[in-house]
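S.K.: Protein chains in written order, with this note's numbering: chain V, 3 to 321; chain C, 193 to 550. Glycine included, C-beta positions come from ideal geometry on N, C-alpha and C. Okay, here's the structure, questions in a sec.
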Amino acid sequence: MNLVQAVNSGLKCAMADDEKVVVLGEDVGLDGGVFRACEGLLKQFGPKRVMDTPLAESGIIGVSAGMAVAGLKPVPEIQFSGFLYMALGQLINHVSRIRNRSRGAFTCPVIIRTPYGGGIRALEHHSESMEAIYVHTPGLKVVIPSSPYDAKGLLISAINGNDPVVFMEPSRLYRAIREEVPDGSYTIPLGKAKVVKEGNAVTVISWGSMLQQAKLALKHTDVDVELIDLRTLKPLDVEAIISSVKKTGRCIIVQEAPRTGGLASEIIALINEQALLSLKAPVSRVAGFDTAFPLYKLEDYYLPGTERIINAIEATVNY
Amino acid sequence: MASKVLKTFTLKYLQVLDENGKCDARLMPKLSPRQLVELYGLMVLARRFDEKALSLQRQGRIGTYASVLGQEAAQVGAAFALRGSDWVFPTYRESALLIARNQPMARLLQYFGGDERGSIPPKGVNNFPIAIPVGTQGLHAVGAAIAATIQKKKTVAVGCLGDGASSEGDMNEAFNFAGVFKAPVIFLCQNNQWAISVPIKQQTAAETIAQKAIAFGFEGIRVDGNDVLAVYSATAAAVKKAYTGKGPTLIECYTYRLNNHTTSDDASKYRSEAEVAAWKKKDPVARMRKFLEGKKIWNMKKEEELLAKADRQVSAAAAEYEATPKADAGDIFRYQYEEMPGFLRQQMDDYKKLTEGN
Chain V
3 MNLVQAVNSG
13 LKCAMADDEK
23 VVVLGEDVGL
33 DGGVFRACEG
43 LLKQFGPKRV
53 MDTPLAESGI
63 IGVSAGMAVA
73 GLKPVPEIQF
83 SGFLYMALGQ
93 LINHVSRIRN
103 RSRGAFTCPV
113 IIRTPYGGGI
123 RALEHHSESM
133 EAIYVHTPGL
143 KVVIPSSPYD
153 AKGLLISAIN
163 GNDPVVFMEP
173 SRLYRAIREE
183 VPDGSYTIPL
193 GKAKVVKEGN
203 AVTVISWGSM
213 LQQAKLALKH
223 TDVDVELIDL
233 RTLKPLDVEA
243 IISSVKKTGR
253 CIIVQEAPRT
263 GGLASEIIAL
273 INEQALLSLK
283 APVSRVAGFD
293 TAFPLYKLED
303 YYLPGTERII
313 NAIEATVNY
Chain C
193 MASKVLKTFT
203 LKYLQVLDEN
213 GKCDARLMPK
223 LSPRQLVELY
233 GLMVLARRFD
243 EKALSLQRQG
253 RIGTYASVLG
263 QEAAQVGAAF
273 ALRGSDWVFP
283 TYRESALLIA
293 RNQPMARLLQ
303 YFGGDERGSI
313 PPKGVNNFPI
323 AIPVGTQGLH
333 AVGAAIAATI
343 QKKKTVAVGC
353 LGDGASSEGD
363 MNEAFNFAGV
373 FKAPVIFLCQ
383 NNQWAISVPI
393 KQQTAAETIA
403 QKAIAFGFEG
413 IRVDGNDVLA
423 VYSATAAAVK
433 KAYTGKGPTL
443 IECYTYRLNN
453 HTTSDDASKY
463 RSEAEVAAWK
473 KKDPVARMRK
483 FLEGKKIWNM
493 KKEEELLAKA
503 DRQVSAAAAE
513 YEATPKADAG
523 DIFRYQYEEM
533 PGFLRQQMDD
543 YKKLTEGN
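This is how it looks when you write it as structure tokens:
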């Protein structure tokens, strides 16, 4: 399966296992979603559980919040993450706070799926990586898979839980990689990073489509890199990050998002607090720029690629 | 080719009790004398509570509070038509509604006294915590209503709003979703004519808020919001409609905010005393009392007993609130996630270690 098929399979498993799970969003019914992540759901589960909604993102998230409070497990799709900002009020003021502000009387398990990131020659506003907004919001969990297998297992875990989750799918990877994915249900726990490749010279931390760029970069260097896929951005697997950095003494974080105030900054702060004396070189960031994401002809300037990653690896080991 | 009138609309207005407490018998809802007295009693209790809350705020014993003075009929009348299992998604100006929905008054004070535990509803009563961001809660009501249809539950969800909220995008999205999904939802709009300092004529060019429902494909009605019987009657009809799968209703209760917006506001800066005085004459509580007296089911003795009882209840609630110990610091961490993640536990433990010295 490719990643979008794995997401589709995950949705089908979750919906078959629990009748409280419902899917809603723009074009998720007859059309199966613009990327086809919801293909076949309407036919299999019917219009009560697979709802084409009016074109209103705040409405989709606000209605999902009400459904969740009333005992359903809504899995809204926001067609592109650039349209999720319309729902930030609902997300930050309500979805993320309901459990806390009602002191547990109400819960709001809304699992928001949305494609993010560049590299697909898309229209303007379709390519940003704004995960830090959601990571910064208390009460949310944030998941970004980098492979089909992980996408399915993480999605089912997210749906099985009782917390709101922003599940960001790298649209660049939707059809880029194929791997064996079981048809049946399985879970990958949230909050657990994955060591993609063990190594001793430098820790490279990434997630989503940048993880695949980092993986490509490894083919072009002899440095003994330890590559970590965060998979869940909130809660972070602090233990995995710190134990790897303590072992290698060097660390690079690769994020597609703009450099300032991104998740890489938070990871550096954690390393500072918990592994400072193990460091042999400054922790560095390979990141998007603090610019508006360019239109597609120029997006290769913006997107961190193997060259910038290799450059950072060599600068860090030769520090 | 054609040039013709494609649509016209009509809008109903309902008033059962006039300003002097005279009722139109043909419009009278089926309520027993005991129920009529109960409606009145709830309004009186809500008003006594409101006075107490304002007084506690002045003494610094609770924080900012939004008075319901003048809007008791709209809130009590609507609540009286609902069951505990029905949902309400209230705004910050909904004390009377919540009291009529059995939310303990001590908890209302607790919320305005800065303690989240005040939002916890009694068991089996679906009172959602109040929404501070204006107009956001209508969508939650629609979501709960759609959920009820999926779960095949006979439940209606009430989304509260004011005239100001009718301008919000979220509110209009809520109307639209409600119409499209034919959701069992009631939008209970209290048009109190002032959104802090902005009067209704600057809020919308539409003559009524009720008519907005028509554009979204469902029924709207304006009622005299200071007439508890009209509000009850319209709500009861909307509930019946919702229970039988006939979709949403927007009820615009035409009323007036007699008090400041909140305790942090001074309304004398932007509206005339004459306007307020004119609306005081339409007082919903006095109107119901006149009606009950006219029906010979109310007298001075009963009034005195009722006031004394309300005062006792309100004082007891205030005492209970004041006797409630402040929650420990763990309370702000404990409910953020289903299971406390490690990073949050760390923050909590570090803070506790610092402050508790262990």
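Any idea if residue 228(V) is buried or exposed, counting beta-carbon neighbours within 10 angstroms, 16 or more meaning buried?
M.R.: It counts as buried.
S.K.: Measure from the C-beta of residue 128(V) to each C-beta in chain C and report whether the shortest distance is under 8 Å.
M.R.: Chain C contact via Cβ: absent.
S.K.: Taking a Cβ distance cut-off of 9 Å, strictly less, list which residues of the segment 160 to 178 of chain V are near chain C, in chain order.
M.R.: Against chain C - using a Cβ distance shorter than 9 Å - the residues of the segment 160 to 178 of chain V are 163, 164, 165.
S.K.: So, helix, strand or coil for residue 200(C), using DSSP?
M.R.: Coil at residue 200(C), not helix or strand.
S.K.: Considering only the alpha carbon of each residue, which of 54(V), 100(V), 44(V), 127(V) lies closest to residue 84(V)?
M.R.: Nearest option by C-alpha distance: 127(V).
S.K.: Using CA coordinates, which residue listed in 66(V), 74(V), 46(V), 14(V) is at the minimum distance from residue 329(C)?
M.R.: Nearest C-alpha to residue 329(C): 66(V).
S.K.: According to DSSP, simplified to helix, strand and coil, what is residue 220(C)?
M.R.: Of the three classes helix, strand and coil, the one that applies to residue 220(C) here is coil, per DSSP.
S.K.: Using a beta-carbon distance cut-off of less than 8 Å, what residues from the segment 193 to 220 of chain C approach chain B?
M.R.: The structure shown has no chain B; the protein chains it does contain are V and C.
S.K.: Just to confirm my understanding: we take residue 240(V), look at its own chain, exclude 5 residues before and 5 after, and list those with CB closer than 7 Å. What are they?
M.R.: For residue 240(V), where only same-chain residues beyond five positions count, the Cβ hits under 7 Å are 272.
S.K.: Counting only runs of 3+ residues fully inside the segment 408 to 448 of chain C, write out the beta strand (DSSP E) ranges in chain order.
M.R.: List check, beta strand (DSSP E) in window: 411 to 416, 441 to 446.
S.K.: Taking a contact to mean a Cβ-Cβ separation below 8 Å, would you say residue 192(V) touches residue 160(V) in this structure?
M.R.: Cβ distance < 8 Å, so residue 192(V) and residue 160(V) count as in contact.
S.K.: I'd like the span of the alpha helix (DSSP H) that includes residue 499(C), first residue to last.
M.R.: Start and end: 492 to 515.
S.K.: Just to confirm before moving on: does the CB-CB distance between residue 6(V) and residue 123(V) stay below 8 Å?
M.R.: No; because the gap between Cβ atoms is not below 8 Å, this pair is not in contact.
S.K.: When the cut-off is 8 Å and only beta carbons count, does residue 137(V) lie next to chain C?
M.R.: Judged by the 8 Å Cβ criterion, residue 137(V) is not in contact with chain C.
S.K.: Between 376(C), 358(C), 372(C), 312(C), which lies nearest to residue 345(C) when the distance is taken from Cα to Cα?
M.R.: When each option's Cα is compared against that of residue 345(C), the closest is 376(C).
S.K.: How is residue 205(V) classed by DSSP in three states: helix, strand or coil?
M.R.: If DSSP states are grouped into helix, strand and coil, residue 205(V) belongs with the strands.
S.K.: Taking residue 31(V) as the query, report the chain C residues whose CB atoms sit under 7 Å from its CB, ordered along the chain.
M.R.: By Cβ distance, chain C contributes nothing, its closest Cβ being about 13 Å from residue 31(V), past 7 Å.
S.K.: Using a Cβ-Cβ distance cut-off of 8 Å, determine whether residue 72(V) contacts chain C.
M.R.: So, interface residue.
S.K.: So residue 37(V) packs on residue 117(V), CB below 8 Å; how close in whole Å?
M.R.: Between residue 117(V) and residue 37(V) the Cβ distance is about 6 Å, and since that is below 8 Å, they are a contact.
S.K.: Select from 154(V), 293(V), 115(V) the residue whose C-alpha is nearest the C-alpha of residue 305(V).
M.R.: Nearest option by C-alpha distance: 293(V).
S.K.: For a test of the three-state rule: what should DSSP assign to residue 32(V), helix, strand or coil?
M.R.: Residue 32(V): coil per DSSP, three-state reduction.
S.K.: Is it true that the CB of residue 236(C) sits closer than 8 Å to the CB of residue 502(C)?
M.R.: Contact flag set, yes.
S.K.: Terminal residues of the continuous alpha helix (DSSP H) containing residue 285(C)?
M.R.: Looking at the DSSP string, residue 285(C) is not in any alpha helix (DSSP H), and its letter there is neither H nor E.
S.K.: Tell me, please, which residues DSSP counts as bridged to residue 319(C).
M.R.: Answer is 280(C), bridged to residue 319(C).
S.K.: Nearest to residue 54(V) by CA position, among 71(V), 68(V), 77(V), is which residue?
M.R.: Selected option, being the one with the closest Cα: 77(V).
S.K.: Considering only their Cβ atoms, is the gap separating residue 455(C) from residue 249(C) smaller than 8 Å?
M.R.: Yes; because the gap between Cβ atoms is below 8 Å, this pair is in contact.
S.K.: For a test of the three-state rule: what should DSSP assign to residue 352(C), helix, strand or coil?
M.R.: If DSSP states are grouped into helix, strand and coil, residue 352(C) belongs with the strands.
S.K.: Assign residue 475(C) to one of two classes, buried (16 or more other C-beta atoms within 10 Å of its C-beta) or exposed (fewer than that).
M.R.: Result: buried.
S.K.: Identify, in the order they occur along the chain, each residue of the same chain with its Cβ nearer than 6 Å to the Cβ of residue 439(C), setting aside the five sequence neighbours on each side.
M.R.: Correct list, in chain order: 374, 410.
S.K.: To which residues does DSSP link residue 286(V) through a beta bridge?
M.R.: The partner list for residue 286(V) (beta bridge, DSSP) reads 254(V).
S.K.: Output, in sequence order along the chain, the residues in the segment 297 to 308 of chain C whose CB is closer than 7 Å to any CB in chain V.
M.R.: Listed in sequence order: 308.
S.K.: Under the three-state reduction of DSSP, which class applies to residue 547(C): helix, strand or coil?
M.R.: Residue 547(C) falls in the helix class under three-state DSSP.
S.K.: From what residue to what residue does the beta strand (DSSP E) around residue 184(V) run?
M.R.: Note, residue 184(V): premise wrong, no beta strand (DSSP E); not H, not E.
S.K.: Exposed or buried, what is residue 491(C) when buried is set at 16 or more other beta-carbons lying within 10 Å of its beta-carbon?
M.R.: Exposed, by the Cβ-count rule.
S.K.: Going along the segment 372 to 390 of chain C in order, which residues come within less than 7 Å of chain V, judged by CB to CB distance?
M.R.: Cβ contacts with chain V: 372.
S.K.: On the premise that residue 215(C) lies in contact with residue 209(C), defined as a C-beta separation below 8 Å, what is that separation, rounded to the nearest angstrom?
M.R.: Confirmed, Cβ separation roughly 5 Å.
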